[in-house]
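J.:
Chains as they are written, first to last, in the numbering used here: chain Z, 268 to 942; chain B, 38 to 202.
#1: Indicate whether at least one CB of chain Z lies closer than 7 angstroms to the CB of residue 115(B).
#2: Quick one: grab the DSSP three-state call for residue 907(Z).
#3: Would you mind sorting residue 935(Z) into buried or exposed? The rule is 16 or more other CB atoms within 10 Å of its CB.
#4: According to the neighbour-count rule (16 or more other Cβ atoms, all chains shown, within 10 Å of its Cβ), is residue 650(Z) buried or exposed?
#5: Does any CB atom of chain B fall closer than 7 angstroms to the CB of residue 309(Z)?
#6: If contact means a Cβ-Cβ distance below 9 angstroms, which residues of the region 332-348 of chain Z contact chain B?
#7: Chain B partners of residue 372(Z), CB-CB under 9 angstroms?
#8: How long is the line joining the alpha carbons of residue 420(Z) and residue 690(Z), rounded to whole angstroms?
#9: By the criterion of Cβ-Cβ separation under 9 angstroms, what are the contact partners of residue 866(Z) in chain B?
#10: Give me the DSSP bridge partner(s) of residue 407(Z).
#11: Output yes if chain B places a C-beta closer than 7 angstroms to the C-beta of residue 433(Z); else output no.
#12: Run down chain Z in chain order and give the residues with a C-beta less than 8 angstroms from the C-beta of residue 124(B).
#13: Would you report the Cα separation of residue 937(Z) and residue 166(B), rounded to the nearest angstrom?
#14: Note down, in chain order, each residue of its chain lying with its Cβ closer than 6 angstroms to the Cβ of residue 942(Z), except the 5 sequence neighbours on either side.
#15: Among the residues of its own chain, which have a CB less than 8 angstroms from the CB of residue 602(Z), if the five just before and after it don't count?
#16: Taking Cβ-Cβ distances shorter than 7 angstroms, what residues in chain B pair up with residue 925(Z)?
#17: Would residue 908(Z) count as contacting chain B if we go by Cβ distances under 7 angstroms?
#18: Under the rule that 16 or more other beta-carbon atoms within 10 Å means buried, what is residue 355(Z), buried or exposed?
#19: For residue 82(B), count the other beta carbons within 10 Å of its own beta carbon; 16 or more makes it buried, fewer makes it exposed. Which is it?
#20: CA-CA distance, residue 741(Z) and residue 627(Z)?
#21: Would you report the Cα separation of residue 467(Z) and residue 521(Z), rounded to the nearest angstrom?
#22: Check distances from the C-beta atoms of the region 895-921 of chain Z to those of chain B and list, in chain order, the residues that come in under 8 angstroms.
#23: Give me the Cα-Cα distance between residue 855(Z) and residue 86(B), rounded to the nearest whole angstrom.
#24: Shortest alpha-carbon distance to residue 443(Z) belongs to which of 489(Z), 503(Z), 621(Z), 291(Z)?
#25: Would you tell me roughly how many angstroms separate the C-alpha atoms of residue 783(Z) and residue 838(Z), rounded to the nearest one?
#26: Would you give the residue range spanned by the alpha helix (DSSP H) that residue 349(Z) belongs to?
#27: My guess is that residue 762(Z) and residue 652(Z) are in contact by the Cβ rule of under 8 angstroms, so how many angstroms apart are they, rounded?
#28: Since I believe residue 472(Z) is in contact with residue 426(Z) (beta carbons under 8 angstroms), could you give me their beta-carbon distance rounded to a whole number of angstroms?
#29: Would you verify that the beta carbon of residue 892(Z) is, or is not, closer than 7 angstroms to some beta carbon of chain B?
#30: Apart from the five residues on each side of it in sequence, which residues of its chain come closer than 7 angstroms, Cβ to Cβ, to residue 833(Z)?
#31: If contact is defined by three or more beta carbon pairs under 8 angstroms, each pair taking one atom from either stretch, is the region 387-395 of chain Z in contact with the region 359-370 of chain Z?
#32: So residue 666(Z) is in the beta strand (DSSP E); what residue range does that whole segment cover?
#33: Which residue or residues does DSSP assign as beta-bridge partners of residue 770(Z)?
#34: At the level of alpha carbons, what is the spacing between residue 191(B) and residue 860(Z)?
#35: Please compile the residues from chain B whose C-beta is within a distance smaller than 7 angstroms of the C-beta of residue 779(Z).
#36: Using beta carbons (cut-off 7 angstroms, strictly below), is residue 279(Z) in contact with chain B?
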């Protein structure tokens with residue numbers, strides 16, 4: 268029995284009709300393509316009247332297939348599938364041709380556009396007749412959520428979910444939660460102290476009955492699919508029993524070994540071999556650093572064990588593994604800072620008084636290495652003049668093209684803190700001043716009023732080679748002031764480099780582990796940059812915070828909350844639909860060659876040893892179709908993208924070429940062409 | 038106007054996640070390119086069976102483009118690498134069958150690269166126009182080229198499979 272195909276050509280106002288002769292295309296399709304029973308054109312197919320047109324034809328004319336020539340399927344495929352489904356037709360029996368994005372908006376010549384539109388409709392009509400009814404599978408959603416990264420984004424997401432009554436597993440790589448925000452002193456533009464607003468949140472996380480906190484831990488492996496993921500967590504040995512430890516800190520006091528802390532204090536301060544990152548750390552259980560601990564080096568010492576009042580020190584502790592079942596995952600893994608040594612012209616590492624932004628941040632912090640005093644590297648001298656260099660590693664063709672978005676505001680904050688604490692002159696060398704959020708521009712105006720100097724120009728280099736007497740013993744910042752049109756040499760005592768925000772060094776590996784992709788730079792890619800900023804292309808995996816791109820604290824918090832809202836939506840709906848576009852193996856045809864087994868990055872294909880055939884777990888299959896293309900026996904078929912469907916589409920698209928070539932109208936069938 | 042200019046037909050396979058979205062973006066941004074290309078959506082460039090390319094060429098297409106996400110950005114993690122490997126073999130095979138290398142093209146285009154995709158399409162159309170019509174199926178029947186090509190591929194394959202003593 269032949270199919271009854273309905274063809275609908277959308278004018279999209281004048282978007283399509285202005286270039287493509289839509290009446291002609293509709294008329295031609297109705298007259299010339301086999302099995303087309305109804306062919307219409309309409310002003311707006313996506314309107315309710317347009318949809319009603321399709322629904323009525325399905326009911327009255329008995330259409331069995333629908334083709335809509337309109338915009339890109341990424342916009343309205345769902346709309347037209349719903350219309351079909353409303354009229355009782357399986358939604359997967361509807362096919363779209365992108366006459367707007369691929370024809371009317373990109374082709375100037377009207378005749379050529381109309382011809383191309385005809386070919387596309389012909390392809391879609393051929394293809395749709397071979398499409399099959401498909402039903403999405405429904406799976407239940409586990410209400411537990413795994414959150415990776417416990418900076419402010421992860422903390423926010425965890426609290427929102429936990430307050431909503433859902434269990435949360437919060438995994439953090441470092442010994443304490445808090446992330447970068449815990450390292451900061453003040454936050455712009457309000458200048459409230461970071462610790463004052465963050466630490467209450469951290470202790471809330473620590474005390475929340477719905478949150479299971481796993482610090483000093485990493486996700487080893489994630490398997491499964493939306494609704495039921497399985498995560499394997501590696502809990503690194505702390506050598507301190509978390510249950511027994513009261514966090515009194517005597518062990519830290521008694522530990523005889525001091526080392527440079529290059530994580531939390533970014534090399535500016537010291538810590539003991541048994542340590543916690545900072546006084547308000549959550550949990551407050553210390554960690555033994557086996558690389559510097561005297562006991563681990565020489566087998567003697569155990570001072571901590573000797574003095575611990577609760578016998579919590581356990582040198583025999585091993586890494587442990589935990590298996591978790593969760594329904595959704597939120598990745599909030601944050602950012603790294605650009606290595607400013609990659610720009611040797613700024614002298615970091617060579618010139619003592621060149622600091623990175625994070626070093627300066629620690630210096631300002633009252634519990635930091637200098638107790639909040641702004642001093643030169645010698646630890647005593649207050650600077651009389653400071654230069655702040657913007658865009659170090661960002662907005663730079665040689666390093667990162669993007670704007671790191673937070674540095675202008677941080678620089679203004681630094682300027683304020685320097686002037687407030689030391690009275691020094693502050694010179695800010697910027698390319699453009701970007702202060703485009705609530706209260707930010709006002710903060711800039713405030714700093715202008717406070718007397719911070721602004722020089723518009725990118726700093727060429729920082730040197731200690733004096734040319735005149737005034738420059739002797741100083742750092743000289745060489746910059747072209749583009750507003751004055753003059754080269755300037757500014758002698759200062761201290762230089763702060765506003766380092767770019769970069770993706771985590773292992774972001775790509777993390778992306779692979781969780782099955783999501785990264786942008787060219789390495790930021791996690793969101794499903795849609797405007798309309799779906801916290802979801803990813805992988806269902807059930809959400810992203811929040813600076814892992815998605817540079818952003819300040821308010822924006823990070825918003826994303827953390829948004830991601831948790833999305834997860835709560837999934838949990839409360841209880842079930843999730845899984846796309847039926849998956850591959851299946853015909854056991855009769857499978858020769859058991861196992862070529863497909865290694866092709867699947869989602870481990871959806873397993874080999875059934877007793878039957879000697881391969882088998883696809885359709886819930887794990889994401890429908891890419893790579894195995895379909897690779898199977899030498901053509902035993903694998905890909906739903907909705909079968910060989911037959913694609914061959915038919917090729918024939919349809921080339922209808923005008925091959926019929927004039929003397930070919931017969933080819934019957935759509937699977938042909939064996941050696942792959 | 039003198040002689041009518043040859044207008045090639047190009048079939049392009051675009052992956053759903055990057056390249057098809059690049060084509061969407063080219064549209065939204067009103068970036069014009071020549072109308073000679075006709076696009077087919079597949080979920081991944083890894084889905085493109087070399088048979089699709091052969092089919093298109095056999096049915097009268099003058100060139101075929103396969104477009105996917107940039108290496109490392111594949112929605113399916115690594116499947117575009119598989120497309121890349123297949124493409125190398127496909128190109129080699131087509132060469133033996135007398136199909137010029139410029140008639141097939143593997144193009145990476147991210148969802149943000151509407152302009153790059155449009156430029157690549159234009160470039161390819163110009164190249165194929167330069168080469169002239171392929172008329173592949175007609176060529177088959179004309180001479181013994183095909184048999185010779187198959188023979189040479191078989192020999193090459195056998196040599197490659199030989200294990201050195």
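Ideal Cβ placement from N, Cα and C applies to all residues, glycine included.
T.: A quick look at the data gives this:
#1: For the purposes of this step, residue 115(B) is taken as residue 78 along the second chain, with counting starting at 1. Residue contact check for residue 115(B) against chain Z: a CB pair falls below 7 angstroms.
#2: Taking the first residue of the first chain as position 1, residue 907(Z) is located at position 640. Coil, per DSSP.
#3: As a first step, residue 935(Z) must be located in the first chain, where it is residue number 668. With a pLDDT of only 40 at residue 935(Z), under the threshold of 50, the placement of this residue in the model should not be trusted; the figure read from the coordinates follows. Looking at its Cβ environment, which holds 16 or more other Cβ atoms inside 10 Å, residue 935(Z) is buried.
#4: To locate residue 650(Z), count along the first chain from 1; it is residue 383. Buried is the call here.
#5: Indexing the first chain from 1 puts residue 309(Z) at position 42. No, because no Cβ of chain B sits closer than 7 angstroms to the Cβ of residue 309(Z).
#6: Those residues of the region 332-348 of chain Z placed with their C-beta closer than 9 angstroms to a C-beta in chain B are 338, 339, 340, 341, 342, ordered along the chain.
#7: Against the first chain, residue 372(Z) aligns to sequence position 105. In chain order, 63, 64, 65, 66, 67, 68, 69 make up the part of chain B whose C-beta sits under 9 angstroms from the C-beta of residue 372(Z).
#8: Counting from 1 along the first chain, the entry for residue 420(Z) is found at position 153. Counting from 1 along the first chain, the entry for residue 690(Z) is found at position 423. Taking the straight line joining both Cα atoms gives about 35 angstroms.
#9: Looking up residue 866(Z) in the first chain gives position 599. Going along chain B in sequence order, the residues near residue 866(Z) (Cβ under 9 angstroms) are 83, 116, 119.
#10: The residue you call residue 407(Z) lines up with position 140 of the first chain. Paired residue(s): 842(Z).
#11: Translated into the one-based positions of the first chain, residue 433(Z) becomes position 166. Interface residue (Cβ-Cβ distance to chain B less than 7 angstroms): residue 433(Z) is not classified as such.
#12: For the purposes of this step, residue 124(B) is taken as the residue at position 87 of the second chain. None at all; the shortest Cβ gap to chain Z is about 12 angstroms.
#13: For this step, residue 937(Z) is matched to residue 670 along the first chain. For this step, residue 166(B) is matched to residue 129 along the second chain. For residue 937(Z), the predicted model reports a pLDDT of 43, less than 50, meaning its position is unreliable; a value from the coordinates is still stated below. Computed Cα separation, rounded: 31 angstroms.
#14: Counted from its first residue, the first chain places residue 942(Z) at position 675. With a pLDDT of 44 at residue 942(Z), under the threshold of 50, the modelled position of that residue is not reliable, and no figure is offered here.
#15: As a first step, residue 602(Z) is located in the first chain; it is residue number 335 there, counting from the start. These residues qualify, in order along the chain: 447, 768, 769, 770, 771, 813, 814, 817.
#16: If you number the first chain from 1, residue 925(Z) lands on position 658. When 7 angstroms is used as the limit between beta carbons, residue 925(Z) is near these residues of chain B: 96, 97, in chain order.
#17: Locating residue 908(Z) in the first chain gives position 641, where the first residue counts as 1. Chain B contact via Cβ: present.
#18: For the purposes of this step, residue 355(Z) is identified with residue 88 of the first chain, where counting begins at 1. With fewer than 16 other Cβ atoms within 10 Å, it is exposed.
#19: Position 45 of the second chain holds residue 82(B). Its Cβ being crowded by 16 or more others within 10 Å, residue 82(B) is buried.
#20: Sequence index remark: in the first chain, residue 741(Z) carries index 474 (1-based). Sequence index remark: in the first chain, residue 627(Z) carries index 360 (1-based). Distance between the alpha carbons of residue 741(Z) and residue 627(Z): 19 angstroms.
#21: Stepping through the first chain from its first residue, residue 467(Z) is reached at position 200. Stepping through the first chain from its first residue, residue 521(Z) is reached at position 254. Straight-line Cα distance between these residues: approximately 29 angstroms.
#22: If the cut-off is 8 angstroms between Cβ atoms, the region 895-921 of chain Z has 895, 896, 897, 905, 908, 910, 913, 914, 916, 917, 918, 920, 921 near chain B.
#23: Here residue 855(Z) refers to the residue found at position 588 when the first chain is read from its first residue. Here residue 86(B) refers to the residue found at position 49 when the second chain is read from its first residue. Taking the straight line from one Cα to the other gives about 21 angstroms.
#24: Looking up residue 443(Z) in the first chain gives position 176. The shortest CA-to-CA distance from residue 443(Z) to any of 489(Z), 503(Z), 621(Z), 291(Z) is the one to 503(Z).
#25: Translated into the one-based positions of the first chain, residue 783(Z) becomes position 516. Translated into the one-based positions of the first chain, residue 838(Z) becomes position 571. Between the alpha carbons of residue 783(Z) and residue 838(Z) lies a gap of roughly 21 angstroms.
#26: In the first chain, the residue the question calls residue 349(Z) occupies position 82. That run of the alpha helix (DSSP H) goes 340-353.
#27: Taking the first chain and counting its residues from 1, the one referred to as residue 762(Z) is at position 495. Taking the first chain and counting its residues from 1, the one referred to as residue 652(Z) is at position 385. Approximately 10 angstroms separates the beta-carbon atoms of residue 762(Z) and residue 652(Z); this is outside 8 angstroms, ruling out the contact.
#28: By 1-based counting over the first chain, the position of residue 426(Z) is 159. By 1-based counting over the first chain, the position of residue 472(Z) is 205. Right, the Cβ-Cβ distance comes to about 6 angstroms (below 8 angstroms), so this counts as a contact.
#29: Here the question's residue 892(Z) lines up with position 625 in the first chain. So, interface residue.
#30: Mapped onto the first chain, residue 833(Z) falls at position 566. Non-local beta-carbon contacts of residue 833(Z) in its own chain, meaning distances under 7 angstroms to residues more than five positions away in sequence, involve 801, 802, 809 in chain order.
#31: Touching, yes, given that three or more Cβ pairs across the two stretches are closer than 8 angstroms.
#32: In the first chain, counting from the first residue as 1, residue 666(Z) sits at position 399. From DSSP, residue 666(Z) is part of no beta strand (DSSP E); its letter is neither H nor E.
#33: Counting from 1 along the first chain, the entry for residue 770(Z) is found at position 503. For residue 770(Z), which the question treats as bridged, DSSP gives the partners 602(Z).
#34: Numbered from 1 along the second chain, position 154 holds the residue referred to as residue 191(B). Numbered from 1 along the first chain, position 593 holds the residue referred to as residue 860(Z). For residue 191(B) and residue 860(Z), the distance between alpha carbons rounds to 21 angstroms.
#35: Within the first chain, numbered from 1, the residue matching residue 779(Z) stands at position 512. Correct list: 114.
#36: In the first chain, residue 279(Z) corresponds to position 12, counting from 1. With respect to chain B, the C-beta atom of residue 279(Z) has no partner C-beta closer than 7 angstroms.
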